[in-house]
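Read in order, the letters of the sequence shown correspond to residues 248 to 532 in the numbering used here.
Yeah, the Cβ is synthetic: ideal placement off N, Cα and C, and Gly gets one too.
No experiment lies behind these values; they were computed from the predicted model shown.
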Amino acid sequence: MLGQLGSGGMGQVVLGSGPDGRLVALKLVHRHLAEDPGFRARFREEVRASQAVSGAYTAAVVDADPDAETPWLASVHIPGPSLDDTLTALGGLPEAAVLRLAAGLASALRQIHRAGLVHRDLKPSNVLLTDDGPRVIDFGIARAADDRPGITRSGWLIGSPAFMSPEQARSEPATQAGDIFSFGAVLVAACTGASPFDGGNTLQTLNNVVLADPDLGALPASIREIVRPCLAAAPGRRPTAAELLESIGPQAPSARPWPPDVEELIRQRHADVARLAGSAPDAPT
């Protein structure tokens, strides 16, 4: 282990090095949670979900042991800022960058949904920005699309209020259409710096998610056309991830998908990781 990358209620994430020298993000579960059989079952679900998904816009799982004394999951380390950190530092992104973000997120959701899964917590802090595009991370509450019972307790509100779907806010079963709604809310935040449903407190935010018609007037027309159907109140009226990719259209190849200020944040993350790893930073291409 080379250093801590982050921590939270579930455990800590540390930077590690595999036998081949590859850097990995190692998620270590808190001891008190490891002693909870129900939590271990949920963590096994995270491992299963993460291993089932592959693609250019997700973080590949290297190895895991949900049955170890301290359960852990190792994925390829992605040295980039989260979209949340980027928006906090810089505000909204320009139109071209948001279109590129949209294409990457839609591609990630297509892979997740093809694996028969629902992410259930797509939000800016679960999107990392890298040299060649975004990555969707954290399958901690991902579930099979058939929503098998017995893993999460009845009544728990799963997801992040400002980016969850109306059906999630009502504690209804999660579906892939819910991820599409979250995708739309994330794109609004990418343009404006905030969710279109943020009400200042959880109760008002949930009320906005269920009842409010979001104001999309500040979005560029190209983004608004993508977002509006995603935020349809009825799940059946939302497009699939594959349909989203068609509507977004192909993005021109680019060695630099982000504006210079985002590139600088990425360079800073490379440097931070290099310091933890005890080596000189690799310059992003």
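Let's see if you can read the secondary structure: which residues bound the beta strand (DSSP E) around residue i?
i	result
GLY380	380-383
GLN259	258-264
LEU492	LEU492 -> not in any beta strand (DSSP E); alpha helix (DSSP H) instead, spanning 488-495.
ALA321	319-323
ALA311	308-312
ALA281	Here ALA281 belongs to no beta strand (DSSP E); instead the alpha helix (DSSP H) covers 278-281.
What's the C-alpha gap between residue i and residue j?
i	j	result
SER372	HIS277	21 angstroms
ALA362	GLN415	21 angstroms
ARG291	TRP319	10 angstroms
ASP331	ARG484	28 angstroms
MET411	ASP368	7 angstroms
ALA284	ARG295	Reading off the sequence shown, one finds Pro at residue 284, where the question assumed Ala. In a straight line, the C-alpha of PRO284 is about 17 angstroms away from that of ARG295.
ASP394	VAL345	In this predicted model, ASP394 has a pLDDT of only 44, less than 50, meaning its place in the structure is not dependable enough to derive any value.
SER264	VAL308	14 angstroms
ALA281	ALA481	38 angstroms
SER442	GLU511	24 angstroms
ALA392	PRO497	Its pLDDT being 47, under 50, ALA392 is placed unreliably in this model, and the coordinates cannot settle the point.
ASP508	LEU340	10 angstroms
VAL520	LEU458	43 angstroms
LEU334	ARG269	29 angstroms
ARG289	ASP314	12 angstroms
PRO266	ALA489	37 angstroms
ALA350	GLN515	25 angstroms
ALA321	VAL271	6 angstroms
LYS274	GLN298	14 angstroms
GLN259	HIS279	13 angstroms
THR317	ALA311	11 angstroms
ARG417	ILE495	30 angstroms
CYS438	PHE444	14 angstroms
LEU518	ALA436	The identity of residue 518 in the sequence shown is Ala, whereas the question assumes Leu. ALA518 and ALA436: Cα-Cα distance of roughly 27 angstroms.
PRO413	THR487	17 angstroms
VAL300	THR452	31 angstroms
PHE286	GLY440	34 angstroms
THR422	SER469	26 angstroms
On the DSSP letters alone, give me the boundaries of the alpha helix (DSSP H) that residue i sits inside.
i	result
ALA409	Per DSSP, ALA409 belongs to no alpha helix (DSSP H) and is neither H nor E.
VAL520	507-524
ASP331	330-337
LEU249	That residue, LEU249, is in no alpha helix (DSSP H); it is neither H nor E in DSSP.
THR439	423-439
VAL374	From DSSP, VAL374 is part of no alpha helix (DSSP H) but of the beta strand (DSSP E) over 374-377.
ARG357	342-361
LEU289	Note that residue 289 is Arg in the sequence shown here, rather than Leu. From DSSP, the alpha helix (DSSP H) with ARG289 extends over 284-299.
MET450	Strictly speaking, residue 450 in this sequence is Leu, with Met absent from that position. 449-458 is the extent of the alpha helix (DSSP H) around LEU450.
ARG475	468-477
When the distance is taken between beta carbons, is residue j closer than 9 angstroms to residue i?
i	j	result
GLY338	LEU523	no
HIS324	LEU364	no
GLY446	ASN455	yes
THR377	PRO408	no
ARG382	TRP505	no
PRO461	LEU478	yes
ILE359	ALA306	no
ALA336	PRO328	yes
TYR304	ALA355	yes
LEU375	LEU434	no
ARG357	LEU252	no
May I ask you to verify whether the segment 418-430 touches the segment 470-483, counting CB pairs closer than 8 angstroms and requiring at least 3?
yes
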